[in-house]
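Chains A and B, in that order, give the protein sequences.
All letters in the first sequence, in the order written, are residues 804 to 1037 by the numbering used here.
All letters in the second sequence, in the order written, are residues 804 to 1037 by the numbering used here.
See below for the structure under consideration.
2 protein chains.
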Amino acid sequence: MSIYQHIFTDIETKIISGDWRPGDRIPVEHELAAEYRCSRMTVSKALSALAERGMIVRRRKTGSFVASPQIDRTVMDIQDISTEAELAGHEHRFEILARKIERLGEAEAQQLSEPADAEILRLQCLHIVDGRPNAIERRIIMLDAVPRAREESFASIPPGKWLLDEVPWSKAKHVIRAVSADTTTARILQTERGEACLSLIRQTWQNGRTVTYVEFTHPGDRFQFAGTFHPTAN
Amino acid sequence: MSIYQHIFTDIETKIISGDWRPGDRIPVEHELAAEYRCSRMTVSKALSALAERGMIVRRRKTGSFVASPQIDRTVMDIQDISTEAELAGHEHRFEILARKIERLGEAEAQQLSEPADAEILRLQCLHIVDGRPNAIERRIIMLDAVPRAREESFASIPPGKWLLDEVPWSKAKHVIRAVSADTTTARILQTERGEACLSLIRQTWQNGRTVTYVEFTHPGDRFQFAGTFHPTAN
DNA sequence: TAGTGGTCTAGACCACGGG
DNA sequence: CCGTGGTCTAGACCACTAT
């Protein structure tokens, strides 16, 4: 193990074990350098990594201190549906239920903070995992941001994956809610009206322009989000 | 702006703009060092930061390359209820509905991967935000891991916050589901039976031992999780 | 003012891995 | 083999900030 990793895990262990409590002062860099018989820069690298993880806070003049734990910070990785299904060894397919080009309209324009006359591609798509409906995907693609969507049928590639290839990088906002299935949703998902459903809304931007807005509605009895947060992991 | 930050944002911009596409090769370190008239180590620091963000992949001998984007990775920060309410400017209070010391039992023992005869403190707690029920908290605290919970009444501090002070650091697993309110839940939350509710389950460990297991049940019409993922942010 | 972290240099040696 | 990234050194100067 490298020296800076050694220093990193040593301090991490002291914090996790409770040996060093929140607010406790960590030896200054030159002391740690002497202790581990290495240069100050190597110590600095280890402490910077700990600071980036939020385990310590560093202040000029006063030194570095053990941070207050924040176990309530949840980090979740949500893959796109097809990837997630494949990873879990499930069979995934999808159907395009609707595909039309239109204008955004007032209500949605306000919701997306985009002009109401913006041209969009509206998609509705059903995802089927192991033969059972797993999600309705209702998606808006901004055609001025992604003009090539106009010619794409999405017959062979899910819209989410296609956009990943098309748009190089982006910022996304997520909202997770619980909603009751309305009649149409229940019929498509082959469940009961009023059934609790998990809704994931994602709006994606590139360079400040909305690229796409999508809502996935999952039947509550067949879907959940799970994630693990390791403040200790590497 | 420091030199390595300059290099970082330059490359980040090229990737976000699509100027450099996934799979493209990034100049080797000594080329970038010459271009920015700095040492190779400074370049290395910038590239390492980009690699840690998942924007590039680095391979010995072959060089560094633009990574494939993963915008479907969702990072969410979920604060604990009282903190979140305070941050949003809402009034928060809570009531202890039940508090008893007992043994874990078979079914839950299996679920938590803990022995069935383990002594636990079982808590049920109602969180009220701006005068309306916002969550039922059903919690199990392992008394062998947190013996001091035996004497704590939780009259003045919510169990979640108390545990944050008591347990220095930990690993946590989260599950988010949509469930229908049963009769009891609906009564406590002052909503209808069958109402869609958002359920957050969190199991917390320290040094491999379960510390606590908690389920928060939120009425779907009064609660959602929201988060933003910035692959570009600092 | 003095102590601390933030950054940088101009080298160095090593580990890895494709040819 | 040899080009690449991974790590490290022994300094250096600067920025910030508590006192």
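Each residue gets a CB set at the ideal place from its N, CA and C atoms; glycine is no exception.
Only a predicted model underlies this, so the values are computations on that prediction, with no experimental measurement involved.
- Interface residue (Cβ-Cβ distance to chain B less than 8 Å): PHE1019 of chain A is not classified as such.
- Spanning the alpha carbons of ILE931 of chain B and ALA888 of chain B requires a straight line of approximately 10 Å.
- Pairing ARG824 of chain B with THR816 of chain B, the inter-Cα distance amounts to about 12 Å.
- Shown here, THR865 of chain A sits in coil according to DSSP, grouped into three states, outside any helix or strand.
- Using a 10 angstroms sphere on the CB of MET804 of chain B, the tally of other CB atoms stays under 16, which defines it as exposed.
- For the pair of segments examined, the stretch 950-958 of chain B was found not to touch the stretch 974-986 of chain B: the number of CB pairs separated by less than 8 Å stays below three.
- Boundaries of the beta strand (DSSP E) harbouring SER1002 of chain A: 999-1009, taken from the DSSP string.
- Considering only beta carbons, the part of the stretch 976-997 of chain A lying closer than 7 Å to chain B consists of LYS976, HIS977, VAL978, ILE979, ARG980, ALA981, VAL982, SER983, GLY997, in chain order.
- Just measuring C-alpha positions, the residue of B:GLY821, B:THR988, B:THR812 sitting nearest SER871 of chain B is B:GLY821.
- Against GLY1023 of chain B, the close residues of chain A are ARG980, ALA981, VAL982, SER983, ALA999, in the order they occur along the chain (beta-carbon pairs closer than 8 Å).
- Fully enclosed beta strand (DSSP E) runs of no fewer than 3 residues occupy 895-906, 922-932, 935-945 of the stretch 883-962 of chain A, in order along the chain.
- Residues are counted here when their Cβ sits less than 7 Å from a Cβ of chain A; for the stretch 897-920 of chain B the count is zero.
- When only Cα atoms are considered, LEU967 of chain B and ALA948 of chain B end up about 14 Å apart.
- In this structure, the straight-line span from the alpha carbon of LEU900 of chain A to that of SER916 of chain A is close to 26 Å.
- At a cut-off of 8 Å, the C-beta of ALA952 of chain B has no neighbouring C-beta in chain A.
- With contacts defined by Cβ atoms closer than 8 Å, ALA981 of chain A and ALA999 of chain B form a contacting pair.
- Only GLY963, LEU966, LEU967, ASP968, VAL970, PRO971, TRP972 from the stretch 956-972 of chain A bring a Cβ to less than 9 Å from some Cβ of chain B.
- Within chain A, the residues VAL978, ILE979, ARG980 have their CB atoms less than 7 Å from the CB of GLN1027 of chain B, given in chain order.
- Your pair ILE818 of chain A and MET858 of chain A checks out as a contact, with CB atoms roughly 6 Å apart and the cut at 8 Å.
- Judged by DSSP in its simplified three-state form, ARG996 of chain B adopts coil rather than helix or strand.
- The C-beta distance from PRO918 of chain A to LEU992 of chain A rounds to 33 Å, too long to meet the 8 Å contact threshold.
- For VAL846 of chain B, the uninterrupted alpha helix (DSSP H) run begins and ends at 843-855, by DSSP.
- In the same chain as GLU969 of chain B, and ignoring 5 residues on each side of it, the C-beta atoms closer than 8 Å to its own belong to VAL949, ARG951, ALA952, in chain order.
- Taking a Cβ-Cβ cut-off of 7 Å, ILE859 of chain B has no neighbours in chain A, whose nearest Cβ is about 12 Å from it.
- Judged by DSSP secondary structure, ALA870 of chain B falls outside any alpha helix (DSSP H); it is assigned neither H nor E.
- Taking 8 Å as the CB threshold, ILE819 of chain A lines the interface with chain B.
- In this structure, the alpha-carbon of SER847 of chain A lies about 25 Å from that of ALA837 of chain B.
- In the DSSP annotation of this structure, the continuous segment of the alpha helix (DSSP H) that includes PHE811 of chain B starts and ends at 806-819.
- If you look at ALA836 of chain A, you'll find it in the alpha helix (DSSP H) that goes 832-839.
- In the DSSP assignment, SER983 of chain A forms a beta bridge with A:ALA999.
- Only residues of its own chain outside the window of five on either side were considered, and among them GLN927, GLU1018 have a CB closer than 6 Å to the CB of ARG941 of chain B, listed in chain order.
- The alpha-carbon of PHE811 of chain B is positioned some 5 Å away from that of ALA849 of chain B.
- Nearest C-alpha to ARG828 of chain A among A:CYS841, A:ILE814, A:ARG840: A:ILE814.
- Straight-line measurement puts the Cα of LEU835 of chain B at about 38 Å from the Cα of SER885 of chain A.
- Taking 8 Å as the cut-off, the beta carbon of GLU898 of chain A is found no closer than this to the beta carbon of LEU924 of chain A.
- With a cutoff of 8 Å on beta-carbon distance, ALA938 of chain B and HIS809 of chain B are scored as not near each other.
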